[in-house]
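Worksheet for the structure shown next.
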Amino acid sequence: MKHLGFLVILICILFSSGCEQPSKIDILSESLTNYEIVATLDYKNKTLIADEKVYYQNNSDQELNELKFHLYPNAFKETAEKTKCVNATQFSRAYPNGFSEGGIQIREVLLNEKCAEFAISGEEENILSITLEDALRPNNCVCLEIKFDLTIPNCVHRFGYGNNTLNLGNWYPIACVFEAGEFMTDGYCANGDPFFSEVANYWVTINYPSMLKLAHTGEKVGESISKDITSTQIKAKVVRDFACVFSEKFNTISANLGETQINYFYYDDANEKKHLGVCIDAVNTFNQLFGAYPYSVLNVVKANFFQGGMEYPQLVYISDMVDNEEEYVNVIVHEIAHQWWYGVVGNNECENAWIDEGLAEYSTALFYDRNPIYGKNTEDVINSALSSYLLFVDVYKEVYEDFDSSMNRNIHKFNTESEYVYLTYVKGVLMFDSICELIGERKMEQSLRELYSVNSFKNVKPVDIVLAFENISRKKLGGYIMSWLDGSVIFEELTG
Ligand SMILES: [Zn+2]
Numbered sequence: 003m004k005h006l007g008f009l010v011i012l013i014c015i016l017f018s019s020g021c022e023q024p025s026k027i028d029i030l031s032e033s034l035t036n037y038e039i040v041a042t043l044d045y046k047n048k049t050l051i052a053d054e055k056v057y058y059q060n061n062s063d064q065e066l067n068e069l070k071f072h073l074y075p076n077a078f079k080e081t082a083e084k085t086k087c088v089n090a091t092q093f094s095r096a097y098p099n100g101f102s103e104g105g106i107q108i109r110e111v112l113l114n115e116k117c118a119e120f121a122i123s124g125e126e127e128n129i130l131s132i133t134l135e136d137a138l139r140p141n142n143c144v145c146l147e148i149k150f151d152l153t154i155p156n157c158v159h160r161f162g163y164g165n166n167t168l169n170l171g172n173w174y175p176i177a178c179v180f181e182a183g184e185f186m187t188d189g190y191c192a193n194g195d196p197f198f199s200e201v202a203n204y205w206v207t208i209n210y211p212s213m214l215k216l217a218h219t220g221e222k223v224g225e226s227i228s229k230d231i232t233s234t235q236i237k238a239k240v241v242r243d244f245a246c247v248f249s250e251k252f253n254t255i256s257a258n259l260g261e262t263q264i265n266y267f268y269y270d271d272a273n274e275k276k277h278l279g280v281c282i283d284a285v286n287t288f289n290q291l292f293g294a295y296p297y298s299v300l301n302v303v304k305a306n307f308f309q310g311g312m313e314y315p316q317l318v319y320i321s322d323m324v325d326n327e328e329e330y331v332n333v334i335v336h337e338i339a340h341q342w343w344y345g346v347v348g349n350n351e352c353e354n355a356w357i358d359e360g361l362a363e364y365s366t367a368l369f370y371d372r373n374p375i376y377g378k379n380t381e382d383v384i385n386s387a388l389s390s391y392l393l394f395v396d397v398y399k400e401v402y403e404d405f406d407s408s409m410n411r412n413i414h415k416f417n418t419e420s421e422y423v424y425l426t427y428v429k430g431v432l433m434f435d436s437i438c439e440l441i442g443e444r445k446m447e448q449s450l451r452e453l454y455s456v457n458s459f460k461n462v463k464p465v466d467i468v469l470a471f472e473n474i475s476r477k478k479l480g481g482y483i484m485s486w487l488d489g490s491v492i493f494e495e496l497t498g
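In my numbering, each number is its position in the sequence shown, counted from 1, plus 2.
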């Protein structure tokens, strides 16, 4: 008995916190760029001043003589013709009170605490270039400090405000991805989500009037209130962006699913419990289908937003302009699916939007078979996608003599927003469904799990998608998938 007692104590010690293994996120966070941002929101004037320290880690295999950062808020300037953030057809929806200008002004850049040379360049001043004094070798780190001011537009967009929320998406200088010897500097685009970034760690302090409630990427690690100003400290490890949403009107309803706390931020919602239930069902379904959601918090946020929804790591916007209940549910599921496809497994959304949008749509279709209470099934969703795609092709063939149905083109190369949507979302879901028909449901699910586990926290290329399906199915699928992507797939054959 004595020995047994000793053994029990030993087991207790071994399994106590002292023996806790660091998580994959903790291990990975050690070798990433760190952003330390202190921001103060002037809510009355809709401006923000910020000081952003970037401990940039060169994870490429080349020496870098300069660094480049996206300045996405400059797409909201009046002069931003080429990179403008809203199509003419959506103008009055996005700017309900007429045009309102936004932008970012860089006040100063310090390099290792000394004033540094910098230039604002790119189409419509959307790139900040900083010259490094000494070449930055692979695996080395350099410390930059970027001081900037924001003007937040009265625009119900990713970055902007409406009557209910103030949205800070794509609001701070974020490092351009360095790939194949150059920085990826694609500018804003009114179609799609024109973003591409690497995972990084964020340490953010935000000061704002205490009457506001705040939803944000990451975990709150501290908070203080002084003279009606709240200061919230946030930590977000291994995420590819950092967004937040403020509102005077937010209510919150929460639930825990395993290790994850799911919060639904809302106003004017009589179905808040049902909508939190949709969030839980979506996370639960995708955990089982693809692999576990890796973060401790997910915030689903109703917001003033002129499109259906928008994904950021650990935070999604759900538009308050979606007034159809079935569509509202669909948007929640689609945006949550992006936590797997965009958030954890990233891709260049300017070059290969079909990856994250096609996979998010396909995941949404799979969701309905596993959650029959929502009154749809996967087959219904696929059939409806097919008929609307075929109608789109008919119409576009009438309009454009040399109609191009390729999916693998840069986001700036789509003629219209609907062409973009049909060729990335709708054709994307049809492509993944046709792969499923070829390899079978079991191998399809295994392939998606493989895709998720092998590529977590990385950015994938089309070849990685092909490899995941080929490795599991043991079939040569590259040519087949390419024929979908380059537009040569024969639809008549598929529709039989
Ligand atoms: Zn999407």
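Cβ atoms here follow ideal geometry from the backbone N, Cα and C, with glycine treated the same way.
Run the CB neighbour count on residue i, radius 10 Å, all protein chains shown included, and call it buried at 16 or more, exposed below.
i	result
T91	exposed
R411	buried
S226	exposed
A245	buried
A81	Looking at the sequence shown, residue 81 is not Ala but Thr. T81 should be labelled exposed.
M213	exposed
Y402	exposed
L79	Just to set this straight, residue 79 is Lys in the shown sequence, not Leu. Burial call: buried.
S502	Coverage of the chain is limited to positions 3 through 498, which leaves residue 502 absent and any answer about it impossible.
G171	buried
A182	exposed
D28	exposed
S490	exposed
C397	The question names Cys, but residue 397 in the sequence shown is Val. Exposed: under 16 other Cβ atoms inside 10 Å.
D188	buried
K239	buried
Could you check which residue in the options has the C-alpha nearest to that of residue i?
i	options	result
V465	F459, G481, S455, S458	G481
R242	Y204, T42, N209, A355	Y204
V303	L50, A182, S249, N332	S249
L138	Y74, F150, A202, L69	L69
N373	I282, E329, L487, S408	I282
S237	Y297, F150, D404, I483	Residue identity differs from the one stated: residue 237 is Lys in this sequence, not Ser. Looking at the Cα atoms, Y297 is the closest of the given residues.
A177	I148, I334, K378	I148
I208	I264, E125, A294, T219	T219
M323	Y268, E83, A367	Y268
F180	S475, I357, N61, N326	N61
L216	N128, N253, P24	N253
According to DSSP, simplified to helix, strand and coil, what is residue i?
i	result
Y295	coil
D136	strand
Q290	helix
L146	strand
T219	coil
S94	helix
T35	coil
N203	strand
N76	helix
E65	coil
S408	coil
L152	strand
C281	helix
G124	coil
K4	Any reading at K4 is ruled out, since the residue's pLDDT is 44, under 50, leaving its predicted position unreliable.
Between which two residues does the beta strand (DSSP E) containing residue i stretch?
i	result
V318	317-321
I413	That residue, I413, is in no beta strand (DSSP E); it is neither H nor E in DSSP.
G311	311-314
R109	105-113
Y268	262-268
G162	161-163
S256	253-259
L168	168-170
S233	231-241
C246	246-249
What is the residue span of the alpha helix (DSSP H) that residue i lies within?
i	result
A470	464-475
S449	443-457
N385	380-401
S509	In the structure displayed, the chain extends from 3 to 498; residue 509 sits before or after that span and is not available.
Y330	327-339
I483	480-487
| Are at least three pairs of beta-carbons, each pair with one atom in the region 161-169 and one in the region 119-136, less than 8 Å apart? | no
| said: Tell me whether the region 102-109 and the region 152-159 touch, counting them as touching only if at least three CB pairs, one residue from each stretch, are closer than 8 Å. | reply: Contact between the region 102-109 and the region 152-159 is established, with three or more Cβ pairs separated by less than 8 Å.
| message | For the structure I just gave you, are there three or more beta carbon pairs, one from the region 468-479 and one from the region 440-450, closer than 8 Å? | response | yes
| query | Contact between the region 191-202 and the region 217-237: three or more CB pairs below 8 Å? | reply | no
| task | Indicate whether the contact test is met: 3 or more Cβ pairs, each with one atom in the region 358-378 and one in the region 483-491, closer than 8 Å. | result | Here the region 358-378 does not lie against the region 483-491, with fewer than 3 beta-carbon pairs under 8 Å apart.
| query | Is it true that the region 49-59 meets the region 30-38, where meeting means three or more beta-carbon pairs spaced less than 8 Å apart? | reply | Contact holds: three or more Cβ-Cβ distances are below 8 Å.
| said: Contact between the region 371-391 and the region 421-437 is defined here as three or more beta-carbon pairs at a separation below 8 Å; is this criterion met? | reply: yes
| said: Contact between the region 263-283 and the region 325-338 is defined here as three or more beta-carbon pairs at a separation below 8 Å; is this criterion met? | reply: yes
| query | So does the region 106-115 actually touch the region 332-343, counting three or more Cβ pairs closer than 8 Å? | reply | No, they do not touch.
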